[in-house]
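Student: Residues in the sequence shown are numbered consecutively from 1, following UniProt numbering. Built from N, CA and C at the ideal position, the CB exists for glycine as well. Just passing along the structure, written as structure tokens.
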Amino acid sequence: LNWSPRKGTCTAAKLPTNAEDKCEEAFFRLVYIMKWHRVPPKLVVRFDQIGTYILPSNGSTWAERGSRQVDIVAKDKKHAFTLLVASTPDGTFLPFQQVWAGASAQSLPSAKAPGMAKACAHGFDFAFVKSAKKGSHFSTLKTMKEWIENIFEPYHCHIIETDPDLDDDQYAIIYLDCYPVHTGEEFHSYIFNQFPHVILCFVPASCTYY
1 LNWSPRKGTC TAAKLPTNAE DKCEEAFFRL VYIMKWHRVP PKLVVRFDQI
51 GTYILPSNGS TWAERGSRQV DIVAKDKKHA FTLLVASTPD GTFLPFQQVW
101 AGASAQSLPS AKAPGMAKAC AHGFDFAFVK SAKKGSHFST LKTMKEWIEN
151 IFEPYHCHII ETDPDLDDDQ YAIIYLDCYP VHTGEEFHSY IFNQFPHVIL
201 CFVPASCTYY
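Shown next as structure tokens:
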């Protein structure tokens with residue numbers, strides 16, 4: 001059959017030809033907003049999301065020698081969750097949000113699970129997606145709202161309370177990726193109406209790891 005062991009692959013997003021220019025523009029946009037609105041580094045919050053496998057496999061299968069595209073069906077995606085990690089330029093990490101597939105709190109880890117009490121004490125947020133796409137553990141508008149309300153806004157209020165130089169309506173920046181859930185009108189309207197002190201800035205499309 002002319003087969004050899006191969007790793008599962010998928011087509012990656014192509015880096016734009018003007019990636020360097022786009023990233024430079026994003027950098028100066030951040031600098032301008034920070035200066036104009038007097039946003040301190042501790043209120044510039046960058047977050048990213050990563051899928052984490054509970055029961056990982058090595059992702060290998062058999063395919064014809066020289067194959068460049070190797071698909072693997074059902075590669076343990078149902079045994080995964082999404083972890084949202086946020087940090088600031090001054091080195092502060094906000095509590096994590098763990099996003100699970102499912103439509104109810106029964107999809108979340110048990111309150112008696114090992115380490116659960118410690119995680120909750122650190123302010124971690126456990127969310128279920130309630131997505132129309134069955135089995136998906138990717139963030140939705142629901143989980144993003146919960147992250148804003150349960151993690152970001154308490155952090156924002158804490159920084160203001162502990163720094164007498166900041167105003168009660170101090171602006172803050174959230175620097176995020178161009179995922180549909182983040183760029184959609186519903187999320188933008190929610191931020192604009194409920195949290196007018198939050199300014200959304202985006203990593204240029206397909207440049208997250210540039």
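Mind checking whether H197 and D169 have CB atoms under 8 Å apart?
Tutor: yes
Student: How about V45 and Y175: do their beta carbons lie closer than 8 Å?
Tutor: Yes, the pair counts as a contact, with Cβ atoms nearer than the cut-off.
Student: Less than 6 Å between C-beta atoms, sequence neighbours within five positions excluded: which residues of the same chain meet that for T17?
Tutor: none
Student: By alpha-carbon positions, which one of F192, D165 and H182 ends up nearest to K142?
Tutor: H182
Student: Give the single residue among H79, P164, F138 and P41 whose Cα lies nearest to the Cα of P180.
Tutor: F138
Student: Kindly indicate which three-state DSSP category V85 falls into: helix, strand or coil?
Tutor: strand
Student: Are there three or more Cβ pairs, one per stretch, closer than 8 Å when the segment 91–105 is compared with the segment 119–134?
Tutor: Segments in contact, yes.
Student: If you draw a straight line from the C-alpha of P95 to the C-alpha of P40, how long is it?
Tutor: 20 Å
Student: Here's the rule: buried if 16 or more other CB atoms are within 10 angstroms of the residue's CB, otherwise exposed. What is I148?
Tutor: buried
Student: DSSP on L43, reduced to helix/strand/coil?
Tutor: helix
Student: Could you tell me if Q69 is buried or exposed, where buried requires 16 or more neighbouring beta carbons within 10 angstroms of its beta carbon?
Tutor: exposed
Student: Going by C-alpha to C-alpha distance, which of I33, S4, I50 and T61 sits closest to D71?
Tutor: T61
Student: Quick one: what's got a C-beta closer than 7 Å to I191's C-beta in the same chain, skipping five residues either side?
Tutor: A distance below 7 Å between beta-carbons, with the five flanking residues on each side excluded, links I191 to the following residues of its chain, in chain order: V198 and L200.
Student: In terms of residues, what are the limits of the alpha helix (DSSP H) holding S104?
Tutor: Per DSSP, S104 belongs to no alpha helix (DSSP H) and is neither H nor E.
Student: Classify F189 as helix, strand or coil using the three-state DSSP reduction.
Tutor: The amino acid occupying residue 189 in the given sequence is Ser; Phe does not appear at that position. Helix, per DSSP.
Student: Using C-beta distances below 8 Å, list every residue in its chain close to A19, excluding the 5 sequence neighbours before and after it, in chain order.
Tutor: P204, S206, C207 and Y210
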